[in-house]
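Q: The opening residue of the sequence shown carries number 13 in the numbering used here; numbering runs sequentially from there.
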Amino acid sequence: MANGEGETSYPGTELRRELGLPAVVLSGVGIILGAGIYALLGEAAGMAGNAVWLTFLFSAAVAGLSALSYAELSSIYPKASAEFEYVSRAFGRRLAFVVGWLIIFSGILGAATVALGFAGYFSDLVGLPFIPSAIMIILILTGILIAGIRETAGIAISMTLIEVAGIVMVILIGLPCIGRVDYLEMPFGIPGLLQASALVFFAYMGFEEVVKLSEETRNPERTIPLALVIALAISTILYVLVSVAAVSVVGWEQLSASRAPFAEVAAVALGPTAFTLISVIALFATANTALMMMLASSRIIYGMASSFSLPPRLARVHPRTQTPWIATIVVAIATIAFLFAGEIDFVANITNFTLFATFVVINASVILLRYRAPDLPRPFRIPGSIGSLPVLPILGIASTLILLVSLEPLVMLLGGFMVVLGVVIALLGEGRWHQAA
Numbered sequence: 013m014a015n016g017e018g019e020t021s022y023p024g025t026e027l028r029r030e031l032g033l034p035a036v037v038l039s040g041v042g043i044i045l046g047a048g049i050y051a052l053l054g055e056a057a058g059m060a061g062n063a064v065w066l067t068f069l070f071s072a073a074v075a076g077l078s079a080l081s082y083a084e085l086s087s088i089y090p091k092a093s094a095e096f097e098y099v100s101r102a103f104g105r106r107l108a109f110v111v112g113w114l115i116i117f118s119g120i121l122g123a124a125t126v127a128l129g130f131a132g133y134f135s136d137l138v139g140l141p142f143i144p145s146a147i148m149i150i151l152i153l154t155g156i157l158i159a160g161i162r163e164t165a166g167i168a169i170s171m172t173l174i175e176v177a178g179i180v181m182v183i184l185i186g187l188p189c190i191g192r193v194d195y196l197e198m199p200f201g202i203p204g205l206l207q208a209s210a211l212v213f214f215a216y217m218g219f220e221e222v223v224k225l226s227e228e229t230r231n232p233e234r235t236i237p238l239a240l241v242i243a244l245a246i247s248t249i250l251y252v253l254v255s256v257a258a259v260s261v262v263g264w265e266q267l268s269a270s271r272a273p274f275a276e277v278a279a280v281a282l283g284p285t286a287f288t289l290i291s292v293i294a295l296f297a298t299a300n301t302a303l304m305m306m307l308a309s310s311r312i313i314y315g316m317a318s319s320f321s322l323p324p325r326l327a328r329v330h331p332r333t334q335t336p337w338i339a340t341i342v343v344a345i346a347t348i349a350f351l352f353a354g355e356i357d358f359v360a361n362i363t364n365f366t367l368f369a370t371f372v373v374i375n376a377s378v379i380l381l382r383y384r385a386p387d388l389p390r391p392f393r394i395p396g397s398i399g400s401l402p403v404l405p406i407l408g409i410a411s412t413l414i415l416l417v418s419l420e421p422l423v424m425l426l427g428g429f430m431v432v433l434g435v436v437i438a439l440l441g442e443g444r445w446h447q448a449a
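#1: For Ile398, name the three-state secondary structure that DSSP assigns.
#2: Would you report the Cα separation of Gly283 and Leu184, rounded to the nearest angstrom?
#3: When the distance is taken between beta carbons, is Thr67 closer than 7 angstroms to Ala56?
#4: Does the distance from the CB of Thr75 to the CB of Tyr251 come in under 7 angstroms?
#5: Within 10 Å of its beta-carbon, does Ser260 have 16 or more other beta-carbons around it, so buried, or fewer, so exposed?
#6: With DSSP as the reference, label Thr229 as helix, strand or coil.
#7: Please say whether Ile409 and Val373 have beta carbons closer to each other than 7 angstroms?
#8: Sort Ala35, Val41, Leu52 by Cα distance to Phe274 and report the nearest one.
#9: By a C-beta neighbour count over all protein chains shown, 10 Å radius and 16 as the cutoff for buried, is Asn231 buried or exposed?
#10: Can you tell which of Ala360, Val329, Asp387 has its C-alpha closest to the C-alpha of Ile120?
#11: When you compare each of Ala308, Asp387, Glu197 to Val222 by their alpha carbons, which one comes out closest?
#12: At the level of alpha carbons, what is the spacing between Trp291 and Ala279?
#13: Which of helix, strand or coil does DSSP assign to Leu422?
#14: Are the CB atoms of Arg384 and Pro402 within a distance shorter than 7 angstroms?
#15: Going by the beta-carbon positions, is the gap between Gly174 and Phe296 smaller than 7 angstroms?
#16: Ends of the alpha helix (DSSP H) at Leu282?
#17: Indicate whether Leu267 and Ala258 have their beta-carbon atoms separated by less than 7 angstroms.
#18: Quick test of your reading: Thr412 and Phe368, contact by CB under 8 angstroms. State the CB separation rounded to the nearest angstrom.
#19: Using a Cβ-Cβ cutoff of less than 6 angstroms, which residues in the same chain neighbour Val423 once the five nearest sequence positions on both sides are dropped?
#20: Any idea if Ser170 is buried or exposed, counting beta-carbon neighbours within 10 angstroms, 16 or more meaning buried?
#21: Can you give me the Cβ contacts of Arg29 inside the same chain, cut-off strictly under 7 angstroms, excluding the 5 residues immediately before and after it?
#22: Who does Leu31 pair with in a DSSP beta bridge?
#23: If you follow the alpha helix (DSSP H) that Thr340 is part of, which residue opens it and which one closes it?
#24: Output the boundary residues of the alpha helix (DSSP H) element that contains Ile156.
#25: Have a look at Glu97 and Tyr50 and give me their C-alpha separation to the nearest angstrom.
#26: Applying the criterion that 16 or more other CB atoms from any shown protein chain within 10 Å of the CB defines a buried residue, is Phe130 buried or exposed?
#27: Kindly indicate which residue of Ala72, Ile313, Ser81 has the alpha-carbon position closest to the one of Phe214.
#28: Check Arg328 in the structure and name its three-state DSSP category.
#29: Could you check where the alpha helix (DSSP H) with Arg105 kicks off and where it finishes?
#30: If you reduce the DSSP assignment to three classes, tell me which class Thr333 lands in.
#31: Mind checking which residues open and close the alpha helix (DSSP H) that includes Ile94?
#32: Could you check how far apart the C-beta atoms of Ala168 and Asn300 are, in whole angstroms? I think they sit under 8 angstroms.
#33: Is the beta carbon of Leu114 closer than 7 angstroms to that of Thr370?
#34: Out of Ile379, Pro391, Pro386, state which residue places its alpha-carbon closest to the alpha-carbon of Leu407.
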C-alpha cells in the first residue's frame, strides 16, 4: 500500500481519523497533567524549596522550545511514528530507530511506574494487594485501547476533566494562604533548582505524544501543532498555580516529606475527607497517564512496524476497531514486566534521560531539514531565523543539555546503556524485517 512518499506499508494498517482539535488538546492535557504533578511535587519541593514553582516555569520553557520543533515536523510529516519519521528523514533510519526505541521504552517504563502509583492509592482505599492492583489497571487500559480510538479519547477526556478538577481544587484551597511564605526560598540554591527542574520535566512528559495521534486526527497538519501548543500552555499555567498554592498551605518542608502531596495539602486545609477525595481523583490521574503512555508507545511501534523497522506483524490493525491491537498487547505485556522498576523519582529521571536525548535529536532534525529540504511545505514554521538557521531549536538543544547534565550519574549510566542497546538492535535488525515482508 502506498503511503504517499513512494514507500510501502504492511496491508491492513490504516487508522481511523476521528479526532478534532478539542479532543486532541484534551488528550494532550490528559497525559501531561497526570501522575507527574500528583507524585513528584513533594520530591521537587525538597530540592527547590518554596521556589518549586520556578522549576515548572523553567521546564516549561525547555519543553516549549522542543514543542515548537515537534509542531513544525508534525506539520511536514503527520505520521503516527512521529519521532521515528522525523529523524529518519533528517538523519537516516538507524538513528531514527534508536530514537524510536528510546521513546517506546520510556512510554512502557513510565506506564509501569504510573500503574504502581495507581496501585498505591487503590490498595490504600480498598485493600486489594499492590501488584494485582497494578496488573488489573494495565489490563483494563489495554481493553480500552483495543476497543477504539474514539472510546479511548472519550474516556481520556473524562478522566482529564476529573484530574484537572483535583488540581483546581488544590489551587482554590491555597488561595486564602497566598503570601504566607517566601516564594523565592531555595534551600539548596540554583543547583537544587536545576535538579528539581530536571525531575519535574517528567510532569511535562506527554506533550510530545500529541503528534502520535496524527493519523487519527482530522486535518492533522494544522490541528496537531495547534493542539500541542495549547495543551502545553494550559498545563504550565495549572502547574505554576498549584505549586504556589501547595507551598502556601504546608510549606516546602512538610510538602517534601509527604508521599501524597496533593492529599496532604487537602487534609491540612479541609480534613481527612478531603484526603480521601483527592486520593480518588489521583486514581483517575494515574490511570489516565498510564492510558496515554500506553497509547503513545503502541502507536510508535505501529508506525515503525509499518515502515518495516520492526516486525511488520506489529502493524496489524483490528478489522473492526481499526486499532493496532498486536502492538497494544505487546506494550501491555512489557508494562506488566516492568512493574518492579523502582522508586518513582529514579524511574522518572531515567525516563527524562530518554526524553532529553530525543529532544536534542528532534531539534537538530529541524535545523538539518531546513538546509536539506528547504522547499518542503511547512504548514507550521518556527519563527525566528538567521538566514536558513532557525534560532529557537538551537536554544532548545542548549537548554535540554543543561537539564541532562543535572541528572545523577547512575541515571546517566543507565540511560547510556539504553542508547547503546538501541544502537545494537538497529545494527542487527537493519533491513531484516523489510526482507522478511
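All residues carry an ideal CB built from backbone N, CA and C; glycine is no exception.
A: Reading it off the structure:
#1: Along the sequence shown, read from residue 1 onward, the residue named residue 398 stands at position 386. Strand at Ile398.
#2: For the purposes of this step, residue 283 is taken as the residue at position 271 of the sequence shown. For the purposes of this step, residue 184 is taken as the residue at position 172 of the sequence shown. Using only the alpha carbons, I get a separation of about 15 angstroms.
#3: Taking the first residue of the sequence shown as position 1, residue 56 is located at position 44. Taking the first residue of the sequence shown as position 1, residue 67 is located at position 55. Yes, these two residues count as a Cβ contact at 7 angstroms.
#4: Position 63 of the sequence shown, counting from 1, holds the residue named residue 75. Position 239 of the sequence shown, counting from 1, holds the residue named residue 251. Per the sequence shown, the amino acid found at residue 75 is Ala instead of Thr. Taking 7 angstroms as the Cβ cut-off, Ala75 and Tyr251 do not qualify as a contacting pair.
#5: Residue mapping note: residue 260 aligns to position 248 of the sequence shown, counting from 1. With 16 or more Cβ atoms within 10 Å of its Cβ, Ser260 is classed as buried.
#6: Numbered from 1 along the sequence shown, position 217 holds the residue referred to as residue 229. Note: Thr229 maps to strand in three-state DSSP.
#7: For the purposes of this step, residue 373 is identified with residue 361 of the sequence shown, where counting begins at 1. For the purposes of this step, residue 409 is identified with residue 397 of the sequence shown, where counting begins at 1. Contact: no.
#8: Position 262 of the sequence shown, counted from the first residue, corresponds to residue 274. Ranking the options by Cα distance to Phe274, first place goes to Leu52.
#9: Working through the sequence shown from its first residue, we reach residue 231 at position 219. Answer is exposed; the Cβ neighbour count stays below 16.
#10: Within the sequence shown, numbered from 1, the residue matching residue 120 stands at position 108. When only C-alpha atoms are compared, the closest one is Ala360.
#11: Looking up residue 222 in the sequence shown gives position 210. Measuring from the Cα of Val222, the nearest candidate turns out to be Ala308.
#12: Taking the sequence shown and counting its residues from 1, one reaches residue 291 at position 279. Taking the sequence shown and counting its residues from 1, one reaches residue 279 at position 267. It is worth fixing the name first, because residue 291 is Ser in this sequence and not Trp. Ser291 and Ala279: Cα-Cα distance of roughly 11 angstroms.
#13: The residue labelled residue 422 in the question sits at position 410 within the sequence shown. Three-state result, Leu422: helix.
#14: On the sequence shown, residue 402 is found 390 positions in, with the first residue counted as 1. On the sequence shown, residue 384 is found 372 positions in, with the first residue counted as 1. Their beta carbons are not under 7 angstroms apart, which means Pro402 does not touch Arg384 by this criterion.
#15: For the purposes of this step, residue 174 is identified with residue 162 of the sequence shown, where counting begins at 1. For the purposes of this step, residue 296 is identified with residue 284 of the sequence shown, where counting begins at 1. First, the residue type needs correcting, since residue 174 is Ile and not Gly in the sequence shown. Yes, Cβ-Cβ distance for Ile174 and Phe296 is below 7 angstroms.
#16: Residue mapping note: residue 282 aligns to position 270 of the sequence shown, counting from 1. Segment 273 to 282, the alpha helix (DSSP H) holding Leu282.
#17: Taking the first residue of the sequence shown as 1, we reach residue 267 at position 255. Taking the first residue of the sequence shown as 1, we reach residue 258 at position 246. Yes, these two residues count as a Cβ contact at 7 angstroms.
#18: On the sequence shown, position 400 is the one that residue 412 refers to. On the sequence shown, position 356 is the one that residue 368 refers to. With 8 angstroms as the limit, Thr412 and Phe368 qualify as a contact, their Cβ atoms being about 5 angstroms apart.
#19: Locating residue 423 in the sequence shown gives position 411, counting from the first residue. So the qualifying residues of the chain are Asn361, Ile362, Phe365.
#20: Reading the sequence shown from its first residue, position 158 is the one you call residue 170. Per the 10 Å Cβ criterion, exposed.
#21: For the purposes of this step, residue 29 is taken as residue 17 along the sequence shown, with counting starting at 1. The residues are Glu228, Thr229, Arg230.
#22: Numbered from 1 along the sequence shown, position 19 holds the residue referred to as residue 31. Thr229, per the DSSP bridge assignment.
#23: The count along the sequence shown starts at 1 and reaches residue 340 at position 328. Counting along the chain, the alpha helix (DSSP H) containing Thr340 begins and ends at 337 to 349.
#24: Taking the first residue of the sequence shown as 1, we reach residue 156 at position 144. Looking at the DSSP string, the run of the alpha helix (DSSP H) that includes Ile156 is 142 to 159.
#25: Position 85 of the sequence shown, counted from the first residue, corresponds to residue 97. Position 38 of the sequence shown, counted from the first residue, corresponds to residue 50. Approximately 33 angstroms, taken between the alpha carbons.
#26: In the sequence shown, the residue the question calls residue 130 occupies position 118. Phe130 is buried by the Cβ-count criterion.
#27: Position 202 of the sequence shown, counted from the start, is the residue given in the question as residue 214. Residue Ala72 is the option with its Cα nearest to Phe214.
#28: Numbered from its first residue, the sequence shown carries residue 328 at position 316. In the structure shown, Arg328 sits in coil (DSSP, three-state: anything other than H, G, I, E or B).
#29: To locate residue 105, count along the sequence shown from 1; it is residue 93. Residues 105 to 138.
#30: Within the sequence shown, the letter at position 321 stands for residue 333. Reduced to three states, the DSSP call for Thr333 is coil.
#31: Within the sequence shown, residue 94 is the residue found at index 82, counting from 1. Looking at the sequence itself, residue 94 is Ala, so the reference to Ile does not match. Run containing Ala94: none; DSSP gives neither H nor E here.
#32: Here residue 168 is taken as the residue at index 156 of the sequence shown, counted from 1. Here residue 300 is taken as the residue at index 288 of the sequence shown, counted from 1. Right, their Cβ atoms sit about 6 angstroms apart.
#33: Taking the sequence shown and counting its residues from 1, the one referred to as residue 370 is at position 358. Taking the sequence shown and counting its residues from 1, the one referred to as residue 114 is at position 102. Going by C-beta atoms, Thr370 is nearer than 7 angstroms to Leu114.
#34: Looking up residue 407 in the sequence shown gives position 395. Per the Cα distances, Ile379.
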